[in-house]
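**Q** Quick one: structure below, then a few questions.
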Amino acid sequence: MTELSFEQLVYIFENDDIFPVDETAFHFEGETGGEHHFLGCLREYQKPYRVGYCDIEDGCEFLTAREMMCADIFGGRSVKDSWAHIVIDTIGGIAADDWLDYYKEKL
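Residue 226 is where the sequence shown starts when you use the working numbering, and the numbers rise one by one after that.
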């Protein structure tokens with residue numbers, strides 16, 4: 226698991242012009258079945274921040290990265306409140322550790 230702080234993840238998503246973030250996948254420690262939750266940002270939409278595989282059928286969109294990360298949409302939990310139990314698998318479709326090796330100097 227990549228060593229990122231919650232604030233660094235928000236910063237990465239807020240600066241998606243610098244960092245590729247679409248198709249960022251994570252899971253909660255202890256989740257079974259290989260389920261992943263997806264975060265992304267597509268600027269061509271009115272609400273560019275989006276979440277897949279959450280409590281809301283077909284996912285949902287948000288205006289800001291922080292709003293997305295603070296929404297209680299993962300079994301009543303948010304990314305922020307559950308940070309200590311989140312494992313980031315990919316960022317921008319790249320293995321999280323590889324992504325960090327490439328972009329860490331820009332954080």
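Heads up, the beta-carbon is just placed ideally off N, CA and C, and yes, glycines get one too.
Small disclaimer: the values here were computed from a predicted structure and weren't measured.
I'd like the span of the alpha helix (DSSP H) that includes phenylalanine 238, first residue to last.
**A** Within the sequence shown, numbered from 1, the residue matching residue 238 stands at position 13. Phenylalanine 238 -> alpha helix (DSSP H) spans 231–239.
**Q** Alanine 290 to glycine 284, Cα distance in whole Å?
**A** Locating residue 290 in the sequence shown gives position 65, counting from the first residue. Locating residue 284 in the sequence shown gives position 59, counting from the first residue. Approximately 15 Å, taken between the alpha carbons.
**Q** In the DSSP assignment, what are the bridge partners of leucine 264?
**A** Translated into the one-based positions of the sequence shown, residue 264 becomes position 39. Its beta-bridge partners are Thr249, Val276.
**Q** Whose C-alpha, out of Cys266, Gly255, Phe253, is nearest the C-alpha of valine 235?
**A** The count along the sequence shown starts at 1 and reaches residue 235 at position 10. It is Cys266.
**Q** What number of angstroms, rounded off, separates the C-alpha of alanine 309 from the C-alpha of aspartate 297?
**A** Walking along the sequence shown from the start, residue 309 turns up at place 84. Walking along the sequence shown from the start, residue 297 turns up at place 72. Those two C-alpha atoms are separated by around 15 Å.
**Q** In three-state terms, what does DSSP make of alanine 296?
**A** The residue labelled residue 296 in the question sits at position 71 within the sequence shown. Here alanine 296 sits in coil by DSSP.
**Q** What is the DSSP secondary structure of aspartate 314, reduced to helix, strand or coil?
**A** The count along the sequence shown starts at 1 and reaches residue 314 at position 89. Aspartate 314: strand per DSSP, three-state reduction.
**Q** Run through the DSSP bridge pairs and tell me what arginine 291 is partnered with.
**A** Within the sequence shown, the letter at position 66 stands for residue 291. Paired residue(s): none; arginine 291 is not in a bridge.
**Q** Among Phe253, Asn240, Ala321, whose alpha-carbon lies nearest the alpha-carbon of tyrosine 278?
**A** Locating residue 278 in the sequence shown gives position 53, where the first residue counts as 1. Cα-wise, what sits closest to tyrosine 278 is Phe253.
**Q** Who are alanine 321's beta bridge partners in DSSP?
**A** To locate residue 321, count along the sequence shown from 1; it is residue 96. Answer by DSSP bridge pairing: none, since alanine 321 is not bridged.
**Q** Taking the C-alpha atoms as reference points, what is the distance between aspartate 306 and arginine 268?
**A** Residue numbering aside, residue 306 sits at position 81 when the sequence shown is read from its first letter. Residue numbering aside, residue 268 sits at position 43 when the sequence shown is read from its first letter. When rounded, the distance between both Cα atoms is 26 Å.
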